[in-house]
Amino acid sequence: MKIAVISDVHGNIWALEAVLKDIEQRKIVDIFDLGDSLYGPLEPKKTFELFRSNNIKSIKGNEDNLILDSVSKENNNPTINYVINQLDQEAFEWLKKIPNERLLNDSIIMFHGTHSNNSEYLVEKLYSDHIGIKTQEELNTLLSEVNQQIVLCGHSHTPRLVELGDKTIINPGSVGLQAYDDNLPMFHKIENHSSKARYCILDLEDKIRINHLAISYDFEKAARKAEQNNRRDWAQWIRTGRV
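Once you know that position 217 of the sequence shown is 294 in my numbering, the rest is easy, because the numbers rise by one and skip nothing.
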């Protein structure tokens, strides 16, 4: 049995279409998403419709919660208002219903950030001048309540494979956004230095095999859409994978 794992699409339907085409060519049916699916100055509604038509099994990311929490607020940023205005009631109901985590079986668990906080990086550790990797002790502490051997997470948009002895952490990377900056919990930049959409395949037969993939797509369409919505920063991130 093979499954495809995607994450952090951020409304980038052009990247998602390319990834789904690659998945279809590989004759993989089961697709799991690790959250942050719709937020961004791109095509949130069409992305939701593609999720629904392809029966993608999703979980909540921090930006999914942001959409839901912002519906009744008046002082939102223009991008969140754009997303809210694009989505219909069916999309909002879908966001409400998707879980915070998912168990594929006794051995595999999925969540967006950490087991207890989908706004926290699981693997990455922030310093004032760079991003590092947490120690094995720090990772074991964060996963102390996780009994599964395979941990699938997203949030950092960075493809990762980290082995901890009895556990393996896999981050498929981001389908839709290969760079960004953020002020929380301190200012930092994520850069993958490539425009390509990322996802991974897990082959669950006997010993698990993990295949990280980078897929080319028409990123100019996504970048131009971001520019139309006054997000030149997103356009830069999409085109170059750099901040």
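Every residue, glycine too, gets a C-beta built ideally from N, C-alpha and C.
Among Ser147, Lys150, Leu172, Gly318, the one whose alpha carbon lies nearest that of isoleucine 267: Translated into positions along the sequence shown, residue 267 becomes position 190. Of the listed residues, the one whose Cα sits closest to isoleucine 267 is Gly318.
Reduced DSSP category for lysine 79 - H, G, I as helix; E, B as strand; rest coil: On the sequence shown, position 2 is the one that residue 79 refers to. The DSSP-derived three-state label of lysine 79 is strand.
Counted within 10 angstroms of its Cβ, other Cβ atoms place glycine 242 as buried (16 or more) or exposed: As a working mapping, residue 242 is identified with position 165 in the sequence shown. Counting Cβ neighbours within 10 Å, glycine 242 comes out exposed, since fewer than 16 surround it.
Assigned secondary structure, serine 135 (DSSP; H/G/I helix, E/B strand, else coil): Start at 1 with the first residue of the sequence shown, and residue 135 comes out as number 58. Strand, per DSSP.
Isoleucine 90 and leucine 115 closer than 8 Å at C-beta: The count along the sequence shown starts at 1 and reaches residue 90 at position 13. The count along the sequence shown starts at 1 and reaches residue 115 at position 38. No.
Lysine 211 to aspartate 113 span [Cα, whole Å]: Within the sequence shown, residue 211 is the residue found at index 134, counting from 1. Within the sequence shown, residue 113 is the residue found at index 36, counting from 1. Pairing lysine 211 with aspartate 113, the inter-Cα distance amounts to about 23 Å.
Simplified DSSP assignment, three categories, for asparagine 153: On the sequence shown, position 76 is the one that residue 153 refers to. Coil at asparagine 153, not helix or strand.
Straight-line gap, asparagine 162 to phenylalanine 169 (C-alpha atoms, nearest Å): Here the question's residue 162 lines up with position 85 in the sequence shown. Here the question's residue 169 lines up with position 92 in the sequence shown. In a straight line, the C-alpha of asparagine 162 is about 11 Å away from that of phenylalanine 169.
Rounded C-alpha distance that separates asparagine 306 from alanine 92: Translated into positions along the sequence shown, residue 306 becomes position 229. Translated into positions along the sequence shown, residue 92 becomes position 15. If I take the Cα positions, the gap works out to 18 Å.
Residue span of the beta strand (DSSP E) that contains aspartate 110, given as start and end: The count along the sequence shown starts at 1 and reaches residue 110 at position 33. That run of the beta strand (DSSP E) goes 107-110.
Selection from Ile80, Gly88, Gln225, Leu97 that minimises the alpha carbon distance to isoleucine 292: In the sequence shown, counting from the first residue as 1, residue 292 sits at position 215. Considering only Ile80, Gly88, Gln225, Leu97, the residue with the shortest C-alpha distance to isoleucine 292 is Leu97.
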